[in-house]
Every structure is written in C-alpha cells, then in structure tokens.
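Student:
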Amino acid sequence: MSDGAGGAALDLAAVFGQLSLVSIGGINAVLPELQRQVVDRHGWMTDGDFAALFALAQAAPGPNMLISTLIGWHVAGPRGALTATAALVGPCALLTWLVAGAWHRFRDRPWRLLVQSGLNPVTAGLVIAAAIVLSDSTAVSTGHMALTAAAAAILSTTRLHPLWVLGAGAALGAAAVL
Amino acid sequence: MLEGSPLRPPPTVAELFWGFLSIGVIGFGGVLPWARRMMVEQRRWLTPAEFTDLLGLCQFLPGPNIVNLSVALGSRFRGVPGAVAALVGLISLPMLIVISLGTVYAAYSDHPVVARGATGLAAAASGLVVATALKIAAPLRGRWMGLAIAGAVIMAIAFLHLPLVPTMLVMVPASILLHRFAR
C-alpha cells in the first residue's frame, strides 16, 4: 500500500489494469479477485462496503464495470474514479481495437473454434465462483440468503426486468423484514 | 420488426457518440439487449448476422462485452475517432450517475434505513449474478469435461481463494489442450 492520493491512484491503476486483460466474460468473472485485492490486500473497504458498491453499480444504468468508477471514487475521489475506470477499460479496448480487424479473416480457422471451446468452461467457472463469493458476502442473515435465492430464481425463470428485483430487495431491506 | 429492411449508411462519429450515449443511459441491468435493439432494429447499422459475429469477438476478448462492442463497432465504421466516440458515449453519463448514487449512499449510509436498504439491494444483486452464472453455465450441461474444468476453476477461486491471474494461466491452456485431445 502506498501513501497519499498519488500512491493510491497508482495502486488503483495496477489493480484494475491487471484485471482488464484477464476479465474474459466481463467484470463478473473477476469479482472475487477484485474483492480480494480491494478488501484483503489494500484494505480500502470492508466486504460489506464492497457488496454495497457492487449493488449500486448494478442498480445504476450502464455497464456494471462501473464498480471500478465507484471503488476509485471511494479510494481517491474524482482522480481515483477516472484512473480506475481508464485502467479497467483502456487495455481491453486497445486489444479489441487491435484484434477487431483480424477477426473476420480468422473466423473459420479451427484454432479459433478450439480456443473458444476451451475458454467457455473457464468463463462459466469464473462467473459461478463470483456468484458464490458474492452471495456469501451479502448473506448477512437467513432472510438475506433467502432473498438472494428468490431473486436468482425469479430472474432465471421470468423475463422480469432486473431493476424491479433490485428495487424490491432494497425496499425489503429498508423495511427491516429480512 | 425492421430486421429485414436494408441497412442505413454508416454512422458518423457524432452518431456513434449519441447512439452509445442513449444505450448507456437506458441500459439498466446489462446493456447488451439494448445495444442490439439500437444497432440492428432501430438504427440499422448492422444486420443481425453481423451483430452476432461482432458479439462473438467481444465475448472472446477480455473486458466487458459492451465496451468491446463499442470499440469494435466504432473503429469498423470510423477508425480511432469512431472507437473513442462510441466508448466515451457509452460510459460518460453512467459514470456521472453512478458517482452521484455513490455520493448519496456515502452521505446517508449511517442512517439505519439506508444501511438496511443497501444490504437488501446487495443481496438482490447477488441473486442477479447467480442468475447470470446459471445462464452462462447452461450450455455445459451433460459435457463432463467442461463441467470438470468449470468445477476446478470454482474450487480454485471460490474455496481455495487462489489469485485469478495464475489460476487462468494454468486453466486456460489446460482447457484448450483437453479440448484439443478430446476430439
């Protein structure tokens, strides 16, 4: 851990820059690692804060990688928000820009299909692991655990908009029925 | 729907910016469905097949799919300025909104009702990730090798708490090799 806002910004850039190029399948796939870095390694916030910021990023419009903006803001203000977001988005955007042109030429090559089929189970495993780690950190009571299970069941069996489920969760929590 | 009708002329840099700005702001709970609606059905920048192909690329690359999609689409139509316009359009307003939400939450997080509401919101958000995980894992049903690989990744990350980068450096090549020899 470094001292001062400059040091914190550098730490943020290192954490998010490293995650950018391994986040195959999006931010959900790297949530446990992000939580490990932010809570255990750098001590920037508690597990509860992390879960709350993640929930805010989910409830807000836009891509849910905006948790990087919130964590950066929490750690080092506006400068942290910009640094963390740029570090997460920059490397993968650059890679996409470089690869986008070549993609068409290689789309029928066997090696590309092979790499894709090899990546699929790893991505699935990462997102399931994220679901386990995150659910564990938000299950502060039996009621909360039941809410997570109910939300998962509703969202995977109906076409209900996720925002309704998030709103209902917040209302149930605020009304102290959990 | 308008999916069968002919494509419109390629978007300008400004149109890319405003197009992605609009899906960034309305895209609650995942932007991808809105992106398809805008690009394929409403503005007709891409055919459905082109969209699926581009999405395949973006899922294959690291990073949020929608971020990659904005860069790939912007650069296809208008080079680097197009990519920057699409990306900045996508994330600028949501960044401001999420910071406002975060500031409000920080100011009132000591209030018991807000604090309890946040725990409920967080538990529901976990449910959203569980639902996404189930959807992503569904194609693995009945594929024993894929399930075993996913299981090893889950064990490493969720239970042994191993760091992500070394885990992926082992599991990705292992998975590709296993798929190679399983043919």
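Protein chains in written order, with this note's numbering: chain C, 1 to 178; chain H, 1001 to 1183. Every residue gets a Cβ at the ideal spot worked out from N, C-alpha and C, and that includes glycine. Keep in mind it's a predicted model, so treat the numbers as computed, not measured.
Under the rule that 16 or more other beta-carbon atoms within 10 Å means buried, what is residue 1017(H), buried or exposed?
Tutor: buried
Student: What residues are listed by DSSP as bridge partners for residue 24(C)?
Tutor: DSSP, once it has assigned bridges, lists 1062(H) as partnering residue 24(C).
Student: Quick check: is the beta carbon of residue 38(C) nearer than 9 Å to any beta carbon in chain H?
Tutor: no
Student: Which residues in chain B have a C-beta closer than 9 Å to the C-beta of residue 65(C)? List them in chain order.
Tutor: Annotation note: the requested chain B is absent from the structure, which comprises protein chains C and H.
Student: Can you list the alpha helix (DSSP H) stretches of 4 or more residues lying completely in the segment 1051 to 1109 of chain H, in chain order?
Tutor: 1065 to 1108
Student: Using a Cβ cut-off of 9 Å (strictly closer), state whether residue 217(C) contacts chain H.
Tutor: The displayed coordinates of chain C run from 1 to 178. Any statement about residue 217(C) would go beyond what the structure contains.
Student: Counting only C-beta atoms, is residue 145(C) closer than 9 Å to chain H at any point?
Tutor: yes
Student: Please confirm whether residue 17(C) has its beta-carbon closer than 9 Å to some beta-carbon of chain H.
Tutor: no
Student: Would you mind stating whether residue 170(C) and residue 59(C) have Cβ atoms separated by less than 9 Å?
Tutor: yes
Student: Once the 5 residues before and after residue 1063(H) are set aside, which same chain residues still bring their CB inside 7 Å of it?
Tutor: Excluding sequence positions up to five before and after residue 1063(H), its CB lies less than 7 Å from no other CB in the same chain.
Student: Along chain H, in chain order, which residues have C-beta atoms closer than 9 Å to that of residue 116(C)?
Tutor: Chain H residues near residue 116(C): 1056, 1059 and 1060.
Student: Would residue 42(C) pass as an interface residue toward chain H - the criterion being a Cβ-Cβ separation below 9 Å?
Tutor: no
Student: Helix, strand or coil for residue 158(C)? Go by DSSP, reduced to three states.
Tutor: coil
Student: State the start and end residues of the unbroken alpha helix (DSSP H) segment that holds residue 117(C).
Tutor: 110 to 138
Student: What span of residues does the alpha helix (DSSP H) with residue 1142(H) cover, start to end?
Tutor: Run containing residue 1142(H): none; DSSP gives neither H nor E here.
Student: Quick check on the burial criterion: 16 or more other C-beta atoms within 10 angstroms. Buried or exposed for residue 73(C)?
Tutor: buried
Student: Where does residue 144(C) sit, in a helix, a strand or coil, going by DSSP?
Tutor: helix
Student: What three-state label does DSSP hand residue 1168(H) in the structure shown?
Tutor: helix
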